[in-house]
Amino acid sequence: MTERSDIHDRLATSLRAARKARGLSLDAAAKLSGVSRSMVSQIERGESSPTVATLWALTQALQLDFAGLLEGRPAPGIEVTRAGTAPVIQRGGVTIRILSAPESVGSHEVYELAFAPDAQLRSDAHSHGCREHLTVLEGK
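When we follow numbering that gives the first Met the number 0, the leftmost residue of the sequence shown carries the number 0, and every step to the right adds one.
Now the structure itself:
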């Protein structure tokens, strides 16, 4: 068996197993990923060499770890933070609830902030390339 066909076989096996483990039909996997049903089927049979973009779409739809695709690793687990269990910081009229996992500090942080009327929050600048997303749930 050549290295190329071995890779196709491992890829086909991983994708098919992930799809079936999630109880998805070929049609459902195609719809979730945006990849045609026939292409998903060809990849699962080892008859097609998908592009990186196609593999990315499939791994996202099937919740697989892209980097470990050929090893069949699942995507990192889902973190659940229950209401009332998140650490809270009070700072000058602002309540900061830390919603992200401690191991994600520096790479991806999630907070819920509640401001008292006229309260302000000043903080240090983020690292270069960092993006900050804010959603106002209520108020102005």
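Quick reminder that beta carbons are idealized off the backbone N, C-alpha and C, glycines included.
Going straight from the alpha carbon of residue 5 to that of residue 69, what length do you get?
Counting from one through the sequence shown, the residue named residue 5 turns up at place 6. Counting from one through the sequence shown, the residue named residue 69 turns up at place 70. One C-alpha to the other measures close to 10 Å.
Rounded straight-line distance, which links the Cα of residue 44 to that of residue 0
As a working note, residue 0 is residue 1 in the sequence shown. As a working note, residue 44 is residue 45 in the sequence shown. Caution is warranted here: a pLDDT of 47 is assigned to residue 0, below 50, making its placement in the model unreliable, and no coordinate value can be reported.
Measure how close the beta-carbons of residue 32 and residue 56 come, nearest whole angstrom, since I'm counting them as under 8 Å.
Here residue 32 is taken as the residue at index 33 of the sequence shown, counted from 1. Here residue 56 is taken as the residue at index 57 of the sequence shown, counted from 1. Contact between residue 32 and residue 56 holds: their C-beta atoms lie close to 4 Å from each other, under 8 Å.
With 16 other Cβ atoms within 10 Å as the buried cut-off, status of residue 37
For this step, residue 37 is matched to residue 38 along the sequence shown. It counts as exposed.
Under 9 Å between the Cβ atoms of residue 93 and residue 118?
What you label residue 93 is simply residue 94 of the sequence shown in a count that begins at 1. What you label residue 118 is simply residue 119 of the sequence shown in a count that begins at 1. The answer is yes: Cβ separation under 9 Å.
Nearest-angstrom Cα separation, counted from residue 50 out to residue 40
Numbered from 1 along the sequence shown, position 41 holds the residue referred to as residue 40. Numbered from 1 along the sequence shown, position 51 holds the residue referred to as residue 50. Approximately 15 Å, taken between the alpha carbons.
Rounded to a whole number of angstroms, what is the C-alpha to C-alpha distance between residue 7 and residue 13?
Within the sequence shown, the letter at position 8 stands for residue 7. Within the sequence shown, the letter at position 14 stands for residue 13. Roughly 10 Å between the two C-alpha positions.
Is it right to say residue 130 is buried, meaning 16 or more other beta carbons lie within 10 angstroms of its own, or is it exposed?
Counting from one through the sequence shown, the residue named residue 130 turns up at place 131. Its Cβ having fewer than 16 others within 10 Å, residue 130 is exposed.
Can residue 90 and residue 120 be called in contact, C-beta distance under 9 Å?
By 1-based counting over the sequence shown, the position of residue 90 is 91. By 1-based counting over the sequence shown, the position of residue 120 is 121. In this structure, residue 120 lies closer than 9 Å to residue 90 by Cβ.
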